[in-house]
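Novice:
Numbering (my numbering), first residue to last: 89 to 185.
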């Protein structure tokens, strides 16, 4: 089993809708690199912090399970997505699109 990532890049995006009402994520409004704290968040997933973000991220799926932005909940209609993953011993990141 691969060790949990030491850092992630998280993008905050507004969730929009297309002409037919299907959800579409807009362009990132803010991105930040968050680093592992070694703690487990209230969601039960590892906690990552950095640049005003505090996120609990599932290391198996790379999904953001809980997040606060500058100490507040993510605004209604926004989504948080992992866009890059940093693993121990790897100077670069694995790209996720």
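Yeah, the Cβ is synthetic: ideal placement off N, Cα and C, and Gly gets one too.
All figures in this text were calculated on a predicted structure; none of them were measured in a lab.
#1: Excluding the 5 residues preceding and the 5 following residue 167 in the sequence, name in chain order all residues of the same chain whose CB lies nearer than 7 Å to its CB.
#2: Would you call residue 192 buried or exposed, if buried means 16 or more other Cβ atoms sit within 10 Å of its Cβ?
#3: Using only alpha-carbon positions, find the residue among 151, 123, 153 and 132 that is nearest to residue 139.
#4: Looking only at its chain, what residues have a beta carbon closer than 7 Å to the beta carbon of residue 129, apart from the 5 residues adjacent to it on each side?
#5: Residues in its own chain within less than 7 Å of residue 147 by CB, not counting five upstream and five downstream?
#6: If residue 169 sits next to residue 156, beta carbons under 8 Å apart, how far is it from one beta carbon to the other, in whole angstroms?
#7: Mind checking which residues open and close the beta strand (DSSP E) that includes residue 111?
#8: For the beta strand (DSSP E) that contains residue 156, what are its first and last residues?
Specialist: In short, the structure shows the following:
#1: If the five residues before and after residue 167 are omitted, its C-beta is found closer than 7 Å to the C-beta atoms of 101, 103 and 113, all from its own chain and listed in chain order.
#2: Nothing in the structure corresponds to residue 192, since the chain is present only between 89 and 185.
#3: 123
#4: 135, 144 and 154, listed in sequence order.
#5: Counting only Cβ-Cβ distances below 7 Å, and skipping sequence neighbours, we find 92, 93 and 134.
#6: Contact flag wrong, Cβ pair sits at about 16 Å.
#7: 111-113
#8: 152-157
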